[in-house]
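**Student:**
There are 2 protein chains.
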Amino acid sequence: MNEAKILFEPNTVVLIGSSKIKQEVGMSSPRLFNNVTCNMRKFFKGTTFVLDVEGKEGYKLLENLPETPDLAVMMLPPDSSLQQAEECARNRVKAIVAITGGYNRQQRQRLTKLRGDYGIRILGPNTIMGVINTTNGLNTTFEKDLMPAKGDVSVIAQSGGVGACILDWACFHGIGISKFAFTGDKIDVDDVEILQYFSEDPETRVISLYLEGIGNGREFVQTAREIVKKKPILALKGGVTEEAAQRAVSHTASIAGSDAVFDAAFRKAGIIRLKDVEELLNATTALARQPPLEGDNVAIVSNVGGPAILAADAIIKNGLKLAQLSQETKRKVERRYLGVDAINPIDLIADARAERYSFVLDRVLSDTNVDGVMVINMLKSCFFEPEDARAVVEASKKHPDKPVVDVPGGGEDFSLVYKVLRGTNVPVYNLPEKAATVLRVLRAYSRIRATTRRKTSPKCANARGREKKE
Amino acid sequence: MNEAKILFEPNTVVLIGSSKIKQEVGMSSPRLFNNVTCNMRKFFKGTTFVLDVEGKEGYKLLENLPETPDLAVMMLPPDSSLQQAEECARNRVKAIVAITGGYNRQQRQRLTKLRGDYGIRILGPNTIMGVINTTNGLNTTFEKDLMPAKGDVSVIAQSGGVGACILDWACFHGIGISKFAFTGDKIDVDDVEILQYFSEDPETRVISLYLEGIGNGREFVQTAREIVKKKPILALKGGVTEEAAQRAVSHTASIAGSDAVFDAAFRKAGIIRLKDVEELLNATTALARQPPLEGDNVAIVSNVGGPAILAADAIIKNGLKLAQLSQETKRKVERRYLGVDAINPIDLIADARAERYSFVLDRVLSDTNVDGVMVINMLKSCFFEPEDARAVVEASKKHPDKPVVDVPGGGEDFSLVYKVLRGTNVPVYNLPEKAATVLRVLRAYSRIRATTRRKTSPKCANARGREKKE
Chain A
0 MNEAKILFEP NTVVLIGSSK IKQEVGMSSP RLFNNVTCNM RKFFKGTTFV
50 LDVEGKEGYK LLENLPETPD LAVMMLPPDS SLQQAEECAR NRVKAIVAIT
100 GGYNRQQRQR LTKLRGDYGI RILGPNTIMG VINTTNGLNT TFEKDLMPAK
150 GDVSVIAQSG GVGACILDWA CFHGIGISKF AFTGDKIDVD DVEILQYFSE
200 DPETRVISLY LEGIGNGREF VQTAREIVKK KPILALKGGV TEEAAQRAVS
250 HTASIAGSDA VFDAAFRKAG IIRLKDVEEL LNATTALARQ PPLEGDNVAI
300 VSNVGGPAIL AADAIIKNGL KLAQLSQETK RKVERRYLGV DAINPIDLIA
350 DARAERYSFV LDRVLSDTNV DGVMVINMLK SCFFEPEDAR AVVEASKKHP
400 DKPVVDVPGG GEDFSLVYKV LRGTNVPVYN LPEKAATVLR VLRAYSRIRA
450 TTRRKTSPKC ANARGREKKE
Chain B
0 MNEAKILFEP NTVVLIGSSK IKQEVGMSSP RLFNNVTCNM RKFFKGTTFV
50 LDVEGKEGYK LLENLPETPD LAVMMLPPDS SLQQAEECAR NRVKAIVAIT
100 GGYNRQQRQR LTKLRGDYGI RILGPNTIMG VINTTNGLNT TFEKDLMPAK
150 GDVSVIAQSG GVGACILDWA CFHGIGISKF AFTGDKIDVD DVEILQYFSE
200 DPETRVISLY LEGIGNGREF VQTAREIVKK KPILALKGGV TEEAAQRAVS
250 HTASIAGSDA VFDAAFRKAG IIRLKDVEEL LNATTALARQ PPLEGDNVAI
300 VSNVGGPAIL AADAIIKNGL KLAQLSQETK RKVERRYLGV DAINPIDLIA
350 DARAERYSFV LDRVLSDTNV DGVMVINMLK SCFFEPEDAR AVVEASKKHP
400 DKPVVDVPGG GEDFSLVYKV LRGTNVPVYN LPEKAATVLR VLRAYSRIRA
450 TTRRKTSPKC ANARGREKKE
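Quick mapping for you: the protein sequence lines, in order, are chains A and B.
Reminder that position 440 of the first sequence reads as 439 in numbering that gives the first Met the number 0, one-by-one numbering, no gaps.
Reminder that position 275 of the second sequence reads as 274 in numbering that gives the first Met the number 0, one-by-one numbering, no gaps.
Structure representation (C-alpha cells):
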C-alpha cells in the first residue's frame, strides 16, 4: 500500500500546537493553531483531537487520548515539534504533517531519524499549509473557512506561498480540487510517493506541480512517465534562472539544478511545463474538462474580426495550424448565412446569436479537417448575450472527441459569460492568446499519451480508441 | 490646427440612422441607432440632434436642423450613408464618424471624394464603435451606459472587436481613459493625425494602439518618434503571422506587411510592443501612474518565499537585474527584524504587516543600488491584511522617482488588495510575471526617452532632470 495515503485519508487526526506561544518562529503561533483547529472542526469528517501543549487544561499527554490518531499535525517551533514528534512515533501515530519551518540541520536529522526508528511518515517540515482532501474534508491550512470546490485536480506545491497562490486562484475561479499537498522541505515523503498515490487515486484526473527542486530525479521521471499514460501531469518550476535558483536553495533547501536539466527531465517524463500560475491552472482546467487535441488543425469561430486575427496569430505561434475547412462545411455555412465568409477564422459577424453559433459549430466540429475549436464570443460591440454561450456547451457535448474552448475577451464580457459556463465542460478564457496556449497543452498531452503508450506497451498504440472506452 | 480635433471636441453632433431598417448589414440596425442615441443623450455635454431617416416624423432634412452640426455619426447601410454624407458635406458639417462597415471599393471612393471636394473629414468607415471623449461625454459606442472612468490614457484601435475588448477591460479594471478612437478602414483620418492630436492633448499622458496595418509608415514612425519624447506609445499588432495577416487584409482592408518590418518600425519609432491586450493595459496603467525605471536594478520585497523566486526568475528573463542591496540597507533591516535575511529578494516572512513593509520599503527605495521595487504581499498563507497595502502607497509617494508595483498573487487575494489600491498611484498585478513585464516596459520607456531626446535635441540629454520640472 502507498504510505502517502495516510496523509490524505486518516480516520483520526491530532492537532498539536500552543494557544500561548509568544515566539512566532517559522509560522508557529496561537492564531495559526486556532485557525487550523477551526478548519478541521468545520470540514473534517473524521475525528479531530486538539492537543494544546500550554492550554488551560495543562499539558495533555498524547497517550491520554481515547484512541491513537493516524495523523499528527505539528504547529510548534522546531524543538517542541521534535519533542512531540518523538511522542507520536513512540505512540504509533502513522504520520506527521510538520507545518512549521525554521528547522536547522541537526533538527532535521532528528526528525529523519524518527522515520528510520519507528517507520512514522513525515510530510515537511516547512509545509506551512499541509494537506487538503476535499472528499473527507481534511484541511490543515490556516486560512479560516477556505475550502476549494470538490473536483478532479490534485496539486503538489513545494512552496507554501506559491501553493497558496494556486489554491487562492483555484478557489476564486471555481477550479475543482481533489487533493492538495504542500511538501515543504521534503525530508521524508516526496513528490514520487505522492505522485504514485495520486496515480492510484480514482478521484484525481489531472495532476499539477509546483517545484523548486527534486531529490531523486531518475525515480521521479520514471514514475511520472508511467502516470502520464493515464493522467496528465503539468508543472511550474521556480528557480529557473541562476540568480533565483541560488535563492531557492535557502528557501526550501533543495538543490535546484540547471534549468536545462529540468527541461530535459520534464520532456522525458512526459510532464508539460507551463510559465506561470495562470497558465498552469488554465491548462489544468482544460485537461480536466476537455479531450486532448488529436491533430494540429484548429478552427476559430468568432463574432468579431480583430480578436479572431489575434487568435490566428496565437494558434500559429503555439505550433498549431489554422484548419482548412472542407468545401462542404463552407457551402453549408455560407448558404445559410448570407454575408458570412466561411474561411478560417470564421467571422460570424457581430449580430450572431446562439442559433448561428449552434449551426456553425456543429458543422465545423463535424468537419474531418478540424481537430479542435476556439470559440470567440464578445458581448461588447456585438449582439451576443451571455446565455447564448450555452450553445457552445451543447455543440461541445455533441462532439466529445474534439476540444472546444471559449473566449469572451475582456473584463466584464468574460465575467458575464463565465457565470454561464462555470461548472460546464467548456473552459473559458479572457483572451485568445490564453486559449491558444491551452490548445497547445491539449495537443502536447495527446502526443505524450501516444508516445508513452506506444513505447512501453504495443497493444495500447491506438491510444485514442482505447481512451473512448475508458 | 489639427483637424482630428473636431472628431473628439464637437459642440454639436447629429446622429443619422434609421429606426425601421430591416437589413442588418455591417451593423446598421435600429437597435444600434437607439443605443448610440441613448448614450449620447445621457453623456454628451454638447448638443445632440437625431435624424431618423425613416422615423414617424418623416425624413427630416439636415438643413432643417436649427444649426449646422460639427460632427455627423453615420449608422446607415453604405448606400444610404453615402447619400447622407453628401448632404452633410454640402451643408458644411465638419466631420463624419462612419460607424457602419461593408463598403465596397466604389462606395469607398465616393466617400473619399467628399473629403477632396468639400474638405469634410471622415473617420472610418467600419469604425463600429466610433469615438469616446470622457471630458465632454462624447460617446458613439452602442454599448448602453458604457462609459470608462476619466483618466489620462488615450487609445487608437483599428478593430472594433479588439477595441471593444480593450474598452471592456479598461472599464472593468478601472483604467482611466481620456480619448478612444476606433479607426476602422481609415480612408481619411489615420493614426498619424490622431497621434498628433493626442500628442497636443493635455489630457492624454499615455497612448495605446491596436494596429493591423499602417498606410504611411514613414510619417507614422517620424510622428511617433517625436511624441515619445513626451508621452509613451504602446502597441499591440494583429496579423503577425502570415496566415493571420492574410485574413487581416479582408478584415480592415489594410496591407499588413511582414512582421519584421513592423518590428523595425516600432523600434525606430520608440513604440513599445506588447503581446496581448492584458500586457498592453498592464503596461499602460504602470506608465500612467509610475515613473520610468531609470536603471536595471530591481528589488523584490515579499512576505512569501516561492512567489519571490518566481519573481526573481521573471525579472531576469525580462532583461533586468536583481539589485544588490547596500550593506547599510542590509544592516538596518536585519537589525530591526530578527530572522529577516535582507538579501534580494527580501523575504519579510509570512507574519509581516504594514509596519514591516513601511520600514523595509523606505530603506530599500532609499538605497542607490535600487532603481525600482516589486512588492509581493500575499494574504493566503500570511498574516497580511488588505488595508496593510496602504503602506506600499505611502512608500511609493515618498520616493516618486523610482517605480513601485504591487503583486498580491492569486484570485481572491488580488481582488481584495486591488480594492484598496484601486485609484492610487500603485498598479496591482495578480502574478509576479506580469509585474516583471511591466517593469521591463518602464525600463524600455526610460531608454527610449533618453535616446530620442539625446539624438534630436542635445540640451535635453539630462532627460531625468528635466522631467522632474515638467
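Where a beta carbon is used, it is the ideal one built from N, C-alpha and C, also for glycine.
1) On the DSSP bridge assignment, give the partners of Arg-453 of chain B in chain order.
2) Inspect the beta-carbon positions of Lys-236 of chain B and Phe-261 of chain B and report whether they are closer than 8 Å.
3) Mind checking if Asp-295 of chain B is an interface residue toward chain A, Cβ cutoff 8 Å exclusive?
4) Taking Cβ to Cβ, would you say Thr-182 of chain A is nearer than 8 Å to Gln-157 of chain A?
5) Go through the region 49-96 of chain A residue by residue and report every complete run of the beta strand (DSSP E) that reaches 3 residues or more, in order.
6) To be precise: take each residue of the region 152-185 of chain A, compare its Cβ to all Cβ atoms of chain B, and keep it if any distance is under 7 Å. Which residues remain?
7) Let me check one thing: in DSSP terms, what residues is Gly-470 of chain A bridge-paired to?
8) Round the Cβ separation of Thr-328 of chain A and Arg-362 of chain A to the nearest angstrom and send it over; I've been treating them as touching at under 8 Å.
9) Cα separation between Ser-301 of chain A and Leu-110 of chain B?
10) In whole angstroms, give me the CA-to-CA distance for Leu-93 of chain B and Pro-77 of chain B.
11) What residues in its chain sit with their C-beta under 7 Å from that of Lys-379 of chain B, if we drop five residues either side in the sequence?
12) Please tell me whether Leu-208 of chain B and Leu-233 of chain B are closer than 8 Å, where the distance is taken between their beta carbons.
13) Give a yes or no on whether the C-beta atoms belonging to Ala-310 of chain B and Ile-299 of chain B are separated by under 8 Å.
14) Does the beta-carbon of Ser-177 of chain B have 16 or more other beta-carbons within 10 angstroms, so that it is buried, or is it exposed?
15) Check Asp-400 of chain A in the structure and name its three-state DSSP category.
16) Could you compute how far the alpha carbon of Thr-46 of chain B sits from the alpha carbon of Met-146 of chain B?
17) Could you check how far apart the C-beta atoms of Ala-243 of chain B and Ile-308 of chain A are, in whole angstroms? I think they sit under 8 Å.
18) Pick from A:Pro-407, A:Val-372 and A:Asp-184: whose alpha carbon is nearest that of Asp-295 of chain A?
19) For Lys-331 of chain B and Ile-375 of chain B, I'd like the C-alpha separation in whole angstroms.
20) When the Cα atoms are used, what is the spatial distance from Glu-85 of chain B to Thr-222 of chain B?
21) When you compare the region 37-52 of chain B with the region 125-143 of chain B, are there three or more beta-carbon pairs, one atom per stretch, that lie closer than 8 Å?
22) Using three-state DSSP, classify Asn-296 of chain A as helix, strand or coil.
23) Are Val-392 of chain A and Tyr-428 of chain A closer than 8 Å when you measure CB to CB?
24) Could you give the distance in angstroms between the alpha-carbon of Gly-57 of chain B and the alpha-carbon of Leu-137 of chain B?
25) Taking 8 Å as the CB-CB limit, is Ile-308 of chain A close to chain B?
26) Taking only beta carbons into account, state which residues of the region 98-129 of chain B come closer than 7 Å to chain A, listed in chain order.
27) Leaving out the 5 sequence neighbours to the left and right, which residues in its chain are closer than 6 Å to Val-188 of chain A when beta-carbon positions are compared?
28) From the beta carbon of Glu-384 of chain B, is the nearest beta carbon of chain A less than 8 Å away?
29) May I have a chain-ordered list of the beta strand (DSSP E) segments no shorter than 3 residues that lie completely inside the region 145-181 of chain A?
30) Based on Cα-Cα distance, which residue from B:Gly-212, B:Ser-365 and B:Val-191 lies nearest to Ala-259 of chain B?
31) Give, in chain order, every residue of the region 215-249 of chain B whose Cβ lies closer than 7 Å to some Cβ of chain A.
32) When the Cα atoms are used, what is the spatial distance from Cys-87 of chain B to Gly-150 of chain B?
33) Quick one, which residues of the region 72-98 of chain A are near chain B if we go by CB-CB under 8 Å, in chain order?
34) Does any CB atom of chain A fall closer than 8 Å to the CB of Lys-468 of chain B?
35) From the beta carbon of Pro-344 of chain A, is the nearest beta carbon of chain E less than 8 Å away?
36) At least one CB of chain B closer than 8 Å to the CB of Ile-20 of chain A: is that the case?
**Tutor:** Inspection of the coordinates gives the following:
1) Partner(s): none; Arg-453 of chain B has no beta bridge.
2) Closer than 8 Å, so yes.
3) no
4) Taking 8 Å as the cut-off, the beta carbon of Thr-182 of chain A is found closer than this to the beta carbon of Gln-157 of chain A.
5) Counting only runs of 3 or more, we get 70-73.
6) Ser-158, Gly-159, Gly-160, Val-161, Ala-163, Cys-164, Leu-166, Asp-167, Trp-168, Cys-170, Phe-171 and His-172
7) Absent from the model: residue 470 of chain A. The displayed extent of chain A is 0 to 469, so no value can be given.
8) Right, the Cβ-Cβ distance comes to about 5 Å (below 8 Å), so this counts as a contact.
9) Roughly 29 Å between the two C-alpha positions.
10) It should be noted that the sequence gives Lys, not Leu, for residue 93 of chain B. Answer to the nearest angstrom: the Cα atoms are 20 Å apart.
11) Gly-409 and Asp-412
12) Result yes, Cβ atoms of Leu-208 of chain B and Leu-233 of chain B sit closer than 8 Å.
13) yes
14) Buried.
15) In this structure, Asp-400 of chain A counts as coil in the three-state DSSP scheme.
16) 18 Å
17) 5 Å
18) Asp-295 of chain A has its Cα closest to that of A:Val-372, out of A:Pro-407, A:Val-372 and A:Asp-184.
19) 21 Å
20) 32 Å
21) yes
22) strand
23) no
24) Residue placement at Gly-57 of chain B is flagged as unreliable, the pLDDT there being 47, under the threshold of 50; a coordinate-derived value is accordingly withheld.
25) yes
26) Ile-127 and Met-128
27) Here the set comprises Ala-3, Arg-120 and Leu-122.
28) no
29) 149-156 and 176-181
30) B:Gly-212
31) Gly-237, Gly-238, Val-239, Thr-240, Glu-242, Ala-243, Arg-246 and Ala-247
32) CA-to-CA, the gap between Cys-87 of chain B and Gly-150 of chain B works out to about 33 Å.
33) none
34) Note that Lys-468 of chain B has pLDDT 39, beneath the 50 cutoff, so the model's placement of it is unreliable and the number below is only indicative. So no, Lys-468 of chain B is outside the interface.
35) The question asks about chain E, but that chain is absent: this structure's protein chains are A and B.
36) Chain B contact via Cβ: absent.
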